[in-house]
Amino acid sequence: MRNISRKLVLSIIAVVLTVFALGSTTFAWFTLTNTSTVQPFSAEVIADSGIEISLGNHSTVFNAPDEANWVTTLNTADIEAFILADPDFTNFDHVTTADGSTFFTLGATALTGTTQGYIELPLSFRSNTSTVINWSNVTLTSPDYTWNSDSTFTDSYQGSTRAVTAGDDIVVNAADAMRISMISGSGYGSFVVGYENPSSDTNDVLGQLTNADLSDGIAVGEGSAGSTNYFYSKNTALPFGADDVTTLTTITSLSTAQQVVTLSDVSATPEFGASYFGQITVRIWLEGWDADAYNAILSQVVTTSFVFQGV
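In terms of my numbering, the sequence shown opens at residue 5 and continues consecutively.
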């Protein structure tokens, strides 16, 4: 592997979210019948000559690195096949996490742990020159969508609130409710980086919450502005746990690159085929507590891209 610019570009995961079984009620923190399905999408991971990458189970790659598929480009077919073969991922569901790796969804009577409803990509890196991998760029986009509200509620809007009456048109953007986490594998540092979109005309940043009470934002027991109050307007009740919400710390910009892994020296083990090796897990999910997590976003396409750079 030649030492050139040593960067990886994960350039374009386009995920189509489509409702396939709408029930009689629709609201954020969707009913269990209102989940979403991944349709065909394009994805590509490109590694310049200084780094190679492998997509696959971390233990499998570590234990048999000479049998892993090391490439400078992971094409659409490779990534799609991996995701669709994952038994824990059949669709996007409403989930939440405080650490970027342990997820919860709405159960019958409480928030319940889950390993489903989000994308998980285990990545391994190897290099003869780089000992650090930084996450240096990200895009997370979706077309704005005009939604005709089916209920009267209070929306979260540009740092404040606005009253929405049933029949009003409001603009939503699916990417604003999505999250990305990058977490280093065991033995390769203790790096956890979460990302959400910055504030915009369609987005108010949720950020990190610690034991936050989202139950009384509009009025006692009616929830905070946005999807939580919308949930209340549809059900005269709040999602389980609304009075004690903890979410992942997030950044909204990578103007300062974030380290996501330290590569270990494996030069004494020729099977690795390189001097340095490390692993991270990328997770992409729909944050149930986000103020923009309305059912309306389930018809939209979300596109994300990442740039990793070796140091």
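All C-beta atoms in this analysis are idealised placements derived from N, C-alpha and C, irrespective of residue type, glycine included.
Could you tell me how far apart the beta carbons of GLY230 and SER146 are, in whole angstroms, since I believe they sit closer than 8 Å?
-> Indexing the sequence shown from 1 puts residue 230 at position 226. Indexing the sequence shown from 1 puts residue 146 at position 142. Not quite, the Cβ-Cβ distance comes to about 17 Å (not below 8 Å), so this is no contact.
Measure the alpha-carbon distance for LEU59 versus SER164 and round it to whole angstroms.
-> Taking the sequence shown and counting its residues from 1, one reaches residue 59 at position 55. Taking the sequence shown and counting its residues from 1, one reaches residue 164 at position 160. Using only the alpha carbons, I get a separation of about 42 Å.
Less than 8 Å between the CB atoms is what I'm expecting for GLY282 and SER268, so what's the real figure, rounded?
-> For the purposes of this step, residue 282 is taken as residue 278 along the sequence shown, with counting starting at 1. For the purposes of this step, residue 268 is taken as residue 264 along the sequence shown, with counting starting at 1. 6 Å between Cβ atoms; contact.
Which word fits ARG73, buried or exposed, when buried means at least 16 other C-beta atoms lie within 10 angstroms of its C-beta?
-> Counted from its first residue, the sequence shown places residue 73 at position 69. As written in the sequence, residue 73 is Asn, which differs from the Arg given in the question. When all chains shown are included, ASN73 counts as exposed.
Could you pull out every unbroken beta strand (DSSP E) segment of at least 3 residues lying fully inside the segment 125-180, listed in chain order?
-> Counting only unbroken stretches of 3 or more residues, the beta strand (DSSP E) elements lying wholly within the segment 125-180 are 136-145, 149-152, 157-161, 164-168, 173-176, in sequence order.
My guess is that SER309 and VAL142 are in contact by the Cβ rule of under 8 Å, so how many angstroms apart are they, rounded?
-> Numbered from its first residue, the sequence shown carries residue 309 at position 305. Numbered from its first residue, the sequence shown carries residue 142 at position 138. About 7 Å; that satisfies the 8 Å criterion.
Nearest-angstrom Cα distance between ASP173 and GLN120?
-> Residue 173 sits at position 169 when you count from the first residue of the sequence shown. Residue 120 sits at position 116 when you count from the first residue of the sequence shown. The alpha-carbon atoms of ASP173 and GLN120 are separated by roughly 32 Å.
Is the CB-CB distance between SER128 and VAL65 below 8 Å?
-> Indexing the sequence shown from 1 puts residue 128 at position 124. Indexing the sequence shown from 1 puts residue 65 at position 61. Closer than 8 Å, so yes.
Is any heavy atom of the ligand FAD found at a distance shorter than 7 Å from the C-beta of ALA181?
-> No copy of the ligand FAD occurs in the structure displayed, which carries no ligand at all.
Under the three-state DSSP convention, the category GLU71 falls into = Along the sequence shown, one-based indexing puts residue 71 at 67. GLU71: helix per DSSP, three-state reduction.
Roughly how many angstroms separate the alpha carbons of ASP70 and ILE87, rounded to a whole number?
-> Residue mapping note: residue 70 aligns to position 66 of the sequence shown, counting from 1. Residue mapping note: residue 87 aligns to position 83 of the sequence shown, counting from 1. C-alpha separation (whole angstroms): 23 Å.
Which term fits ASN138, buried or exposed, when burial requires 16 or more other beta carbons within 10 angstroms of its beta carbon?
-> Along the sequence shown, read from residue 1 onward, the residue named residue 138 stands at position 134. It is buried - the Cβ of ASN138 has at least 16 other Cβ atoms within 10 Å.
With distances taken Cα to Cα, identify the nearest neighbour of SER155 among SER237, ILE184, PRO126.
-> For this step, residue 155 is matched to residue 151 along the sequence shown. Nearest option by C-alpha distance: SER237.
Grouping DSSP H, G and I as helix and E and B as strand, with all else coil, what is SER237?
-> As a first step, residue 237 is located in the sequence shown; it is residue number 233 there, counting from the start. Judged by DSSP in its simplified three-state form, SER237 adopts helix.
Going by DSSP, name the residue or residues bridged to ASP248.
-> Along the sequence shown, read from residue 1 onward, the residue named residue 248 stands at position 244. Answer by DSSP bridge pairing: none, since ASP248 is not bridged.
DSSP puts TRP289 in a beta bridge; with which residues?
-> As a working note, residue 289 is residue 285 in the sequence shown. DSSP, once it has assigned bridges, lists ARG183 as partnering TRP289.
Check whether the Cβ atoms of GLY198 and LEU125 sit closer than 8 Å, and answer yes or no.
-> Sequence index remark: in the sequence shown, residue 198 carries index 194 (1-based). Sequence index remark: in the sequence shown, residue 125 carries index 121 (1-based). No, Cβ-Cβ distance for GLY198 and LEU125 is not below 8 Å.
Below 7 Å CB to CB, which residues in the same chain sit around SER28 once its five sequence neighbours on both sides are set aside?
-> Mapped onto the sequence shown, residue 28 falls at position 24. Below a pLDDT of 50, predicted positions are generally treated as unreliable, and SER28, at 33, falls in that range; the measurement from the model is reported next regardless. Counting only Cβ-Cβ distances below 7 Å, and skipping sequence neighbours, we find nothing.
Close Cβ partners of VAL249 (< 6 Å) along its chain, the five nearest in sequence each way excluded | Taking the first residue of the sequence shown as 1, we reach residue 249 at position 245. Here the set comprises LEU213, ALA216, LEU218, TRP293.
Based on Cα-Cα distance, which residue from LEU242, GLY211, SER194 lies nearest to GLU291?
-> Counting from 1 along the sequence shown, the entry for residue 291 is found at position 287. The option with the nearest alpha carbon to GLU291 is GLY211.
Which listed residue (ALA68, GLU56, ALA81) has its alpha carbon closest to that of GLU275 | As a first step, residue 275 is located in the sequence shown; it is residue number 271 there, counting from the start. Measuring from the Cα of GLU275, the nearest candidate turns out to be ALA68.
Is it right to say ARG166 is buried, meaning 16 or more other beta carbons lie within 10 angstroms of its own, or is it exposed?
-> By 1-based counting over the sequence shown, the position of residue 166 is 162. Residue environment: ARG166 is assigned as exposed (fewer than 16 neighbouring CB atoms within 10 Å of its CB, all protein chains considered).
GLN262 lies in the beta strand (DSSP E); which residues open and close that run?
-> Here residue 262 is taken as the residue at index 258 of the sequence shown, counted from 1. Looking at the DSSP string, the run of the beta strand (DSSP E) that includes GLN262 is 262-266.
Separation of HIS98 from LEU115, as counted between CA atoms | Residue mapping note: residue 115 aligns to position 111 of the sequence shown, counting from 1. Residue mapping note: residue 98 aligns to position 94 of the sequence shown, counting from 1. If you take the alpha carbons of LEU115 and HIS98, they lie about 11 Å apart.
Any idea what DSSP makes of ASP296, helix, strand or coil?
-> Here residue 296 refers to the residue found at position 292 of the sequence shown. Three-state result, ASP296: coil.
Proximity to PHE157 [Cα-Cα], best of VAL264, GLY227, VAL311, ARG183 | Looking up residue 157 in the sequence shown gives position 153. Nearest C-alpha to PHE157: GLY227.
Please say whether ASN201 and ASP180 have beta carbons closer to each other than 8 Å?
-> For the purposes of this step, residue 180 is taken as residue 176 along the sequence shown, with counting starting at 1. For the purposes of this step, residue 201 is taken as residue 197 along the sequence shown, with counting starting at 1. Yes; because the gap between Cβ atoms is below 8 Å, this pair is in contact.
Could you spell out where the beta strand (DSSP E) holding GLU226 opens and where it closes?
-> Here residue 226 corresponds to residue number 222 of the sequence shown, with the count starting at 1. Where GLU226 is concerned, there is no enclosing beta strand (DSSP E), given that its DSSP letter is neither H nor E.
Backbone secondary structure at VAL209 - three-state DSSP | On the sequence shown, residue 209 is found 205 positions in, with the first residue counted as 1. DSSP, read as helix, strand or coil, puts VAL209 in coil.
Hey, out of THR266, ARG287, VAL286, whose CA is closest to SER279's CA?
-> The count along the sequence shown starts at 1 and reaches residue 279 at position 275. Comparing Cα-Cα distances from SER279 to each of THR266, ARG287, VAL286, the minimum goes to THR266.
Please determine, among PHE108, ASP103, THR77, the residue with the shortest C-alpha to C-alpha distance to TRP245.
-> Taking the sequence shown and counting its residues from 1, one reaches residue 245 at position 241. Per the sequence presented here, residue 245 reads as Gly, with Trp not at that position. When each option's Cα is compared against that of GLY245, the closest is PHE108.
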